[in-house]
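Heads up, the sequence shown is in this note's numbering, so the first residue is 8 and it goes up one at a time.
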Amino acid sequence: MTSEGTHLDPKDWDDFSRDLHKLMDQCIARMKSARDLPWQPKPDGFADRLSLTREAIGVGTEQTFAQLADDIMPYATGNTHPRFFGWVHGAGLPVSVGAELVAATMNSNCGGRDHGAIEVERVTLDWLLGVSGLPESASAILTTGTSQATILALTAARNKQFGHDVRKTGIRALPSVAVYVRRGTHSCIGKALESMGYGTDAIHVVDTDDDMRMDIASLKRAVAKDKSVGRVPLAVIGTAGSVNTGSFDNLNEIADFCADQDIWLHVDAAFGFWTRLADHPWAQLVDGMERANSIACDFHKWMSVPYDCGACMIYDRSLHFDTFTSRPSYLEQQEEGLGGGDLWFCDYGLELSRGFRALKVWSAIKSIGTQAFSASITDNCKQTALMAELVEASDVLDLSFPVTSNICCFYIAYGNVNKIAAELQLSGDAVFSTTVIKGKACLRAALVNHRTTSEDIRQSIRAVEGVVRRHK
Ligand SMILES: Cc1ncc(COP(=O)(O)O)c(C=O)c1O
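The following block contains the structure:
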């Protein structure tokens, strides 16, 4: 008997079912115990155990799944733990684990064609666009994250500015451009400009005002100066939730100026987008976002959808389509059958083959509903305010700036911040990251974790104070 057509599937489906059920139980046990499982460092020889030498491979699912559960799963980033406040990492959602299982089973290619997964993404994006407040004419696409979404958005801005011929001719013969960012903007803007061939020299950094917002008078001066020497203002980047301070630009003020000057307004709302779901006063932080030409945001941050998933939204569907569509004969639209369908996502981004990211987002919204997300996001903002209060009351900690939303940074009286952050991480007490504010190193907490409680905040600050005092 030939083995043709049976090389890669399980030899015995009952064995596979047993192995997968066991693995699922182990995953559920881990998710249930998230509070008891802080980040831990990899053991010595971790990579050796994973080696893919000839002798170590082809071992079947029982052994492979055992290794997934025992050797790999415990050494995660740690962001599932309620006292993980480092960088801006979402905590994950059990419901999306079910969706990931189904998405992998379906193995859909969401670049295009006429099948169910496309409709799931369409519905998910309709929901997202509804939250954004962008006009009916807007369109969107799911991306790996905000970094990729920013490339798409600024490419659309370039095509609006110079016409779609730029897709053929490139930017060589075009005038130089400027993209205006506030001080402390995320590095993804620079990376997008690098990948578009403009380079980071195209960035014009604008000062912030006393409220850590882009200073509009400085923006106006910068644009006027650039225009006077023939530099084309390509876009202004409004920040809705800055990575270091969680501050929000005055988007309405920037939108007024951009409308007056006919300049593209892109909003980096990687995590700040979701304050729109929060209670007053946080929901108002993104007022004016709906007037943007493009918005980038992440589901894997404050919406807790497992990595990775972000989104790019563009105010004008036909501009979005014309920026990316490319249909050679092998991708021609058919009138019927699988080659049909009116929405091919390859027309709205750089990827042709795309995974079924939408399912984990759709399942999260469907199962949990927006009210619970609103409550969780609001709680995080209140917890950040509590952290700031505790820092202010401490004799060994010093707040770096007044808290606006979900980011709290503070200086320490004794010791080195990087060492103290590492000690707290290694002890399992809490994960803070570090940054520099006003030229001075500090500990930084970004609260986007739906498992965090006020008691976690108190416990973490007590732990920080204890470690800092030991360094006296
Ligand atoms: C304000 C801001 N913009 C952009 C990004 C980049 O997003 P991503 O990591 O999803 O590419 C981040 C990530 O933390 C961020 O905080």
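Cβ atoms here follow ideal geometry from the backbone N, Cα and C, with glycine treated the same way.
Predicted model, so just to flag it, every value in this text is computed and none were measured.
First through last residue of the alpha helix (DSSP H) which encompasses Cys388 | Following the DSSP letters along the chain, one finds Cys388 inside the alpha helix (DSSP H) bounded by residues 377–400.
For Lys308, the three-state DSSP class (helix, strand or coil) | coil
Would you tell me roughly how many angstroms separate the C-alpha atoms of Asp208 and Val184, rounded to the nearest one?
-> 9 Å
Local Cβ density within 10 Å of Gly3, reported as buried at 16 or more and exposed below that | As shown, the chain starts at 8 and ends at 479. That puts residue 3 outside it, with no answer to give.
Bounding residues of the beta strand (DSSP E) (the contiguous stretch that carries Thr246) = 239–246
Exposure label - Gln155; buried when at least 16 CB within 10 Å | buried
Using alpha carbons as the reference points, say which of Trp94, Phe72, Asn251, Asp267 lies closest to Gly446.
-> That would be Asn251, whose Cα lies nearest to the Cα of Gly446.
For Val455, which three-state DSSP category applies?
-> Secondary structure at Val455: coil, using DSSP grouped into helix, strand and coil.
Within the same chain, show all residues whose beta-carbon is closer than 7 Å to that of Trp134, passing over the 5 residues directly before and after it, in chain order.
-> Ile372
Going by alpha carbons, who is nearest to Asn213 out of Tyr82, Val236, Ile244, Val239?
-> One point to set straight first is that residue 213 is Val, not Asn, in the sequence displayed. Comparing Cα-Cα distances from Val213 to each of Tyr82, Val236, Ile244, Val239, the minimum goes to Ile244.
Are the segment 463–470 and the segment 429–438 touching by the rule of at least three beta carbon pairs closer than 8 Å?
-> Yes: the two stretches touch, three or more of their Cβ pairs being nearer than 8 Å.
In the segment 307–343, which residue ranges form an unbroken beta strand (DSSP E) of at least 3 residues, counting only runs that do not cross its ends?
-> 317–321
Based on the DSSP secondary-structure assignment, which residues constitute the bridge partners of Asp405?
-> The bridge partners DSSP lists for Asp405 are Tyr418.
Consider the C-beta atom of Val188 and the heavy atoms of ligand 1; say whether any pair is separated by less than 7 Å.
-> no
Within the same chain, show all residues whose beta-carbon is closer than 7 Å to that of Leu454, passing over the 5 residues directly before and after it, in chain order.
-> Phe92, Asn387, Gln390, Thr391, Asn413
Look at the alpha carbon of Val239 and the alpha carbon of Tyr187, and state the distance between them as a whole number of angstroms.
-> C-alpha separation (whole angstroms): 11 Å.
Mind checking whether the beta-carbon of Cys416 lies closer than 7 Å to any heavy atom of ligand 1?
-> no
What is the DSSP secondary structure of Lys447, counted as helix, strand or coil?
-> strand
Beta-bridge pairing of Val188 - partner residues as DSSP gives them = Answer is Val212, bridged to Val188.
contact_flag[the segment 268–282, the segment 308–328] where n(CB pairs < 8 Å) is 3 or more = As far as the Cβ criterion goes, the segment 268–282 touches the segment 308–328, which means the pair count is three or higher.
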